[in-house]
Amino acid sequence: MTGEPESRTVLDDGQKRHRELIQTVAARMGNNSFLIKGWALTLMGALLAFAAGNESRTVAAAGFVPIVAFCCSTDISCTRSGCSGGSTTRCGGRATA
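Going by our numbering, the sequence shown opens with residue 2, and the numbers climb by one from there.
Printed below as a string of structure tokens:
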């Protein structure tokens with residue numbers, strides 16, 4: 002430390018509101034991603050249980066479709082938006098560094 006005061010950027014009211022808006026959107030997207038993952042997992046479990054009771058391999062294979070589809074769509078959207086960059090961001094519910 003050199004004893005010099007740190008320069009801090011002062012945000013005006015419009016910038017503060019814009020920052021809050023972005024934080025709200027990011028929180029909502031994270032919540033929606035969490036809910037979709039939960040429903041996909043529930044659907045997969047139900048289809049696998051049904052397949053086990055009926056001994057149906059096609060229904061068992063269909064049980065994996067929601068999880069695979071969601072994971073692939075999340076990875077594709079992360080790749081397109083550049084989440085794999087060097088900064089720490091949240092993408093599809095996963096922290097990337």
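Ideal Cβ positions, reconstructed from N, Cα and C, are used throughout, including at glycine.
Once DSSP output is grouped into helix, strand and coil, what is the label at Phe-65?
Taking the sequence shown and counting its residues from 1, one reaches residue 65 at position 64. Correct three-state label for Phe-65: coil.
So, do the stretch 18-31 and the stretch 49-56 have three or more beta carbon pairs nearer to each other than 8 Å?
no
What three-state label does DSSP hand Arg-18 in the structure shown?
Numbered from its first residue, the sequence shown carries residue 18 at position 17. Three-state DSSP puts Arg-18 in a helix.
Just the Cα atoms here: how many angstroms apart are Phe-65 and Gln-24?
Against the sequence shown, residue 65 aligns to sequence position 64. Against the sequence shown, residue 24 aligns to sequence position 23. If I take the Cα positions, the gap works out to 33 Å.
So, with DSSP's three-state summary, where would you put Thr-10?
As a working mapping, residue 10 is identified with position 9 in the sequence shown. In this structure, Thr-10 counts as coil in the three-state DSSP scheme.
Quick one: grab the DSSP three-state call for Ser-57.
Position 56 of the sequence shown holds residue 57. Reduced to three states, the DSSP call for Ser-57 is coil.
To the nearest angstrom, how far is it from the Cα of Ala-70 to the Cα of Leu-12?
Along the sequence shown, one-based indexing puts residue 70 at 69. Along the sequence shown, one-based indexing puts residue 12 at 11. Going from the Cα of Ala-70 to the Cα of Leu-12 covers about 42 Å.
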